[in-house]
Each structure stands twice: as structure tokens, then as C-alpha cells.
Ligand SMILES: [Zn+2]
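Protein chains in written order, with this note's numbering: chain V, 1 to 285; chain Z, 286 to 618.
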């Protein structure tokens, strides 16, 4: 599970500045150190616990494949639009070409873009599913992500089955410029159609969900769920801190903060996620 | 004419303009002396002024035809560029500003109300920047909080109830990034506007009149017709923000502006904007009234066209307009 090590110990760019001092040495082998509570934990135990720290309940970021495994009935997932690929429409180049960033992302073998979509059964009920892949360019939303989301929504509308999307994204993909911004309008318009037709959309926010993803479809669920302690916000904490030049309050922009401010329906632990969604979906049926 | 906030590229133009003004003053003085019935040899500068004016016009045309994306960004942010309320005053009659989201408070960073353009009553709204330090603070630099977007939505939904077309003006660096905005659901407010605007059963016209900064701009921009002023910009992120993240150096904003393709002609090419509204020679700030006049004509033409379309078709077309934006490969043919 290479992704696990990488995600666990990579310095987290979306974290509050106050968290950043906890630089962690990588322990090799059977033990890992939780970058949240700093406890040394038996690696197998973390894996068994669905990549949740058994000591502090910190929910680590997981791959889209792992998420699908945890959520859908075994063997029921059928991927859709797997071959959609980004095009460098702006011929964008910062310190690196967008084309090269895409190549690097493809080398990670985590899919052709930042979302995995398809259909599957949850507790026997058919749903359309979208799962963000944070390892692919920070889960950023460009044309491919916007298109794949819109397509599962359109299938859901035609077949009248619920849509469930797990987000993990830094927001719009800058390398696609204004085209990325417009994916916010496109996906939100697709949800408007679901609403009129009475087809449910459940949005599940996981760490981290920020920017143009939060400010579009992610906050438009009929139900909005979140994993514990996930960073969820419009502006990133660093941007806010630079703007207001003040220290951010403890727990700011975490799931618990959003629940308290009325932005979420509930916080659901990873181990309860499938049964919770299954029950919610059954009420809509 | 004021010379504050001079852009570098504007300097040669302003140099000539200054000379013209000087000559004008001198010729005024000599005329006055003539009137006192003294010598009859008052100097006439009119030929010289005419020559300089022609030179200024040519220079302005040359410079503004070749602005870099960053320079256009600076023009779009020009502190004397006409803002939402300036245009509203210039293009509407019987305008009455309306306030508040009915939930929390009134946000001065978004203004809106009812007015008449041509013979149509409309709802018109947009982000509002401030012109001096005090005003800028009051308007929060044109960066709305959730209550601003909710006020906009309230007005737009009212427009739908009374079958009034909607006109929105985009002019913002972006939505407010602060603690209060997050607490009150900035994301939800923006997202809800995107969703609701896509289904409103009245024509919507959006014009980017200055700075179109990210989701905070788009939140009032899901329109049937999206137009942009010649020297306005529309972008997923500010050039400075993009530079800070991707170049790790905010000073690379000029390079980022170019990479992001923020200009009107690029936005047309990418299918995000439908048409460009011409600005007076040297930018809207040189002649706000003339720019408003062009704006008014463009809006009336757009509304004439949109009000003639059957409502179901209008809403369907709006969906499809945004549905098709994006470039990707790998579709099974
Ligand atoms: Zn822990």
C-alpha cells in the first residue's frame, strides 16, 4: 500500500499552519506514526481499521479505489467514462508544463484524472457514484472531472437512482483556467435538474474539500455528510490567514465546525459510512 | 484628468495629455489678455493642440491594441474605471436600490435593485467596489460575503416571480476569504446561486465590467448571455494567487496572467463569453459615459433577443450553454 505511506507522511499542504510543525520521520516496516496524534501504531491495525488511526480516530486520506471497496457491495461497481482524459487547452505552463504534470499524475496509476465514477450497489440499492482521487493533482476539478460528474448525474436523472459523491479536492484546476471555473456552473446546473425530478444527491465531504468544489456541487447535496475532522471550506486556511493576519481559531473549517454552523447534516465515521448511506438511500426509495 | 494611479504603459499618453492641457490653459490666458483690449497678437495654440491630440489618439490606439494580459488586468482594476453603480446610473431610469438578504444583513459589496432600461423594468445587480480608502473598506474591495450572494439570489428570484429580466455586472477580485464568510457558508451561498440561476425562468444577461475573479464572480454569472468589456478579465483565480501557488512567487503575476488566458478574446475562443463590448479609446476610465452607452446598447440588444425566446427553450439553452463548456479527450466515439 504505497499510497498510504505517501499520504500519511507527506507534509499536508491543506493543513492549518499550526499543524505544520509536526514533521514526522518515516518509520519503516510494520509500524507507522500517526501524523495527527504522533502515536506509533501497528500498520496492519490501521489498515484493518479502514485507514483510521485507532488511537485518535484520525481519518487518513484514502485512494478512490479503496473508497469504492469500502462503500459498494462487493463486485457491484462498474466504472464509467474511465478513458476521459485532460487536454491542455490553454497550453499552460508554470514552473512545469501542465502536460508534464499530467504525465506525472498518470505515472501514479491512480486513474486518468481526479475522479472515479460509475454505478454500484449499496446495500442492494443501485446508485451512481463519484469518488475523488486526491493523489491526482490534488483532486482538482478541470474539464474531465466536471464532465464525469455531470454524466453520472444525467444517468441518475434518466434512471432515477441516487447520486453519491465523495469529495477530496483542493478546488478548481488552475491549469485549465476559466474552463475549470465553468465546471462549477455545469455540475450545479445538473443538480438543479436532479432536484426538479426528485432524484436524491448525497454529498460526502472528506479531507480536504475546498475552493471551487465546495462552492459548487459539494455543498448542494440534499444531504451533506462529512468524515470526522475533514478540512472543508471555500478559501484555504492559508489564504484566510494571510488576508486577516490573525491566527485562526482552533478547529476552524473542520467538519465539526461546519456541523455546528449548520452546513452539514451529520458527521459519519468511515466504519459507519456504508450502513449510514445504505439506510439514507432506503428512505428515499 | 487626474494622474493618480498611473499605469506605466499609460505614461506616454498622459505626458501628451498634460501638454495639451497646458497649451489650453495658456491660450485661455492670452485670450483674456486680448479681451482687455491690449495688443492684438494673442498667441493661437489651436493648431498645436490639434496636432498633439492626433498624436495622443494614435499613441493610445497603438498602446491599447498591444496590451499584455497583465496590463489588461491593471486596466480592469483601474480605480477610475466605471463601477456597477456608475453604469446603473448611466444606463437606467427610475432605479431604486434594494437592500438585504432577509437572513443576516445587507452586504455593501453587492448592490442591486429595480430600474428601467429602454422601456423594460429589470432587476439589475452587481459587485460594487469603492473609489477611496473609506469606500473601499465599506465595500470590502468588492468582495462579497454570503449575505451578498443571498441578497442577489433574493432579488433574482423576485425578478422571476414578476417576470422581469435580470442584468448582472461582475466586478470582483473574488468572494471574501475570511472567518465570518466561512462561518456563514460562503461555499453554500455561491453554490446555491449557481444552481438556482441555471433554472430561473427569466432572461439573464451578465456583463463582466471589470474584474471577474473566480467563484465569487461566477456566483452572479450563470446567464443566457455573457458579455465582457474589451479590457475586462475573467479568471479561475487572480494572477497573484495563481503565481503564489504555482510559481511560489506572487511577483510572477504577470506571467500567470498570460498563462491563465484572462482576456476577452481568449474567453471568446474558449466558449465562455458570447461577445465583447467595445470600450472608448484608451479604456472605459477615459470616458465612462461612452462606455456606459456601449453597455446599454449591448444589453438592450441582448434583452430584445432573449425575451423573444420561449421560456422553456431559454432555460434549456442556458443549461446546454454551460453543459458544453470544457475540453477533454478519450470519449468512445
Ligand atoms: Zn492518531
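Beta carbons are placed, not taken as given, at the ideal position from N, Cα and C, and that holds for glycine.
Could you give the residue range of the beta strand (DSSP E) that holds residue 496 (chain Z)?
Taken as a continuous stretch (DSSP letters only), the beta strand (DSSP E) holding residue 496 (chain Z) covers 489-498.
Could you tell me whether the Cβ of residue 411 (chain Z) comes closer than 9 Å to any Cβ of chain V?
Chain V contact via Cβ: absent.
Identify the continuous alpha helix (DSSP H) that holds residue 213 (chain V) and give its terminal residues.
From DSSP, the alpha helix (DSSP H) with residue 213 (chain V) extends over 211-214.
If you draw a straight line from the alpha carbon of residue 306 (chain Z) to that of residue 334 (chain Z), how long is it in whole angstroms?
When rounded, the distance between both Cα atoms is 9 Å.
Give the straight-line distance between the Cα atoms of residue 294 (chain Z) and residue 61 (chain V), rounded to the nearest whole angstrom.
Each residue's Cα considered, the two are about 49 Å apart.
Should the region 213-220 of chain V be regarded as contacting the region 509-525 of chain Z, the criterion being three or more beta carbon pairs within less than 8 Å?
No, the region 213-220 of chain V is not in contact with the region 509-525 of chain Z.
If residue 462 (chain Z) sits next to residue 487 (chain Z), beta carbons under 8 Å apart, how far is it from one beta carbon to the other, in whole angstroms?
The pair is not a contact, with the Cβ atoms about 32 Å apart (cut-off 8 Å).
Less than 9 Å between CB atoms is the rule here; does residue 54 (chain V) satisfy it with respect to chain Z?
It does not; no Cβ of chain Z falls within 9 Å.
Pull every residue with its beta-carbon under 6 Å away from any heavy atom of ligand 1, and keep them in chain order.
Here the residues come out as V:34, V:36, V:37, V:39, V:53, V:55, V:56, V:58.
Buried or exposed: which applies to residue 290 (chain Z), given that a residue is buried once 16 or more other Cβ atoms fall within 10 Å of its Cβ?
At residue 290 (chain Z) the pLDDT is 41, less than 50, meaning the model places this residue with poor confidence; the figure from the coordinates comes in the next sentence. Exposed.
Does the beta carbon of residue 296 (chain Z) sit closer than 9 Å to a beta carbon anywhere in chain V?
No, its Cβ sits nowhere closer than 9 Å to a Cβ of chain V.
Take residue 21 (chain V) and list the residues in its own chain whose beta-carbon comes closer than 6 Å to its own, dropping the five residues that flank it on each side.
With a pLDDT of 39 at residue 21 (chain V), under the threshold of 50, the predicted position of this residue should be treated as unreliable, and no value is reported.
For chain Z, find out if any of its Cβ atoms is closer than 9 Å to the Cβ of residue 119 (chain V); answer yes or no.
So, not an interface residue.
Is residue 458 (chain Z) closer than 9 Å to residue 523 (chain Z) when the C-beta atoms are compared?
Yes, they are a contact pair.
Where residue 211 (chain V) and residue 330 (chain Z) are concerned, what is the direct C-alpha to C-alpha distance, given to the nearest angstrom?
Going from the Cα of residue 211 (chain V) to the Cα of residue 330 (chain Z) covers about 59 Å.
Can you give the Cα-Cα distance for residue 621 (chain Z) and residue 197 (chain V), rounded to whole angstroms?
Since the first residue shown for chain Z is 286 and the last is 618, residue 621 (chain Z) is missing from the structure and cannot be characterised.
CB residue 59 (chain V) to CB residue 270 (chain V), shorter than 9 Å?
Yes.
Cβ atoms of residue 576 (chain Z) and residue 185 (chain V): under 9 Å apart, would you say?
It is not a contact, given that the beta carbons lie outside the stated cut-off.
Residue 234 (chain V) and residue 472 (chain Z) - do their beta-carbons sit closer together than 9 Å?
In this structure, residue 234 (chain V) lies closer than 9 Å to residue 472 (chain Z) by Cβ.
Quick check on the burial criterion: 16 or more other C-beta atoms within 10 angstroms. Buried or exposed for residue 104 (chain V)?
That one is exposed.
Which residue wins for smallest C-alpha separation from residue 455 (chain Z), given the options Z:477, Z:424, Z:504?
Taking only the C-alpha atoms, the option nearest residue 455 (chain Z) is Z:504.
My assumption, with CB atoms under 8 Å, is that residue 410 (chain Z) sits in contact with residue 437 (chain Z). Please give the rounded CB distance.
Contact holds; Cβ gap of about 5 Å.
Name the chain V residues that come within less than 9 Å of residue 463 (chain Z), Cβ to Cβ?
Going along chain V in sequence order, the residues near residue 463 (chain Z) (Cβ under 9 Å) are 235, 240, 243, 244.
What residue from V:50, V:48, V:55 has the CA that sits closest to residue 33 (chain V)'s CA?
The shortest C-alpha separation from residue 33 (chain V) is found at V:55.
Given this structure, state the Cα-to-Cα distance separating residue 166 (chain V) from residue 148 (chain V), to the nearest angstrom.
Residue 166 (chain V) and residue 148 (chain V): Cα-Cα distance of roughly 13 Å.
Determine the closest residue to residue 444 (chain Z) out of Z:489, Z:531, Z:598, with distance taken between C-alpha atoms.
The shortest Cα separation from residue 444 (chain Z) among Z:489, Z:531, Z:598 belongs to Z:489.
In terms of residues, what are the limits of the beta strand (DSSP E) holding residue 396 (chain Z)?
Element bounds for residue 396 (chain Z): 395-402.
For residue 17 (chain V), which three-state DSSP category applies?
Low local confidence applies: a pLDDT of 39 at residue 17 (chain V) is under 50, so the model's placement there is unreliable, and no value is given.
Note down, in chain order, every chain V residue with its Cβ under 7 Å from the Cβ of residue 390 (chain Z).
Going along chain V, no residue has its Cβ under 7 Å from residue 390 (chain Z), so there is no contact; the nearest lies around 16 Å.
Determine whether the beta carbon atoms of residue 230 (chain V) and residue 208 (chain V) lie at a separation below 9 Å.
Yes.
If the cut is a Cβ gap below 7 Å, which residues of chain V does residue 588 (chain Z) touch?
Going along chain V, no residue has its Cβ under 7 Å from residue 588 (chain Z), so there is no contact; the nearest lies around 21 Å.
Could you check the C-alpha separation between residue 446 (chain Z) and residue 592 (chain Z) for me, to the nearest Å?
Distance between the alpha carbons of residue 446 (chain Z) and residue 592 (chain Z): 15 Å.
In or out: residue 95 (chain V) buried (at least 16 other Cβ within 10 Å) or exposed?
Label assigned to residue 95 (chain V): exposed.
From the beta carbon of residue 249 (chain V), is the nearest beta carbon of chain Z less than 9 Å away?
Cβ-Cβ to chain Z under 9 Å: yes for residue 249 (chain V).
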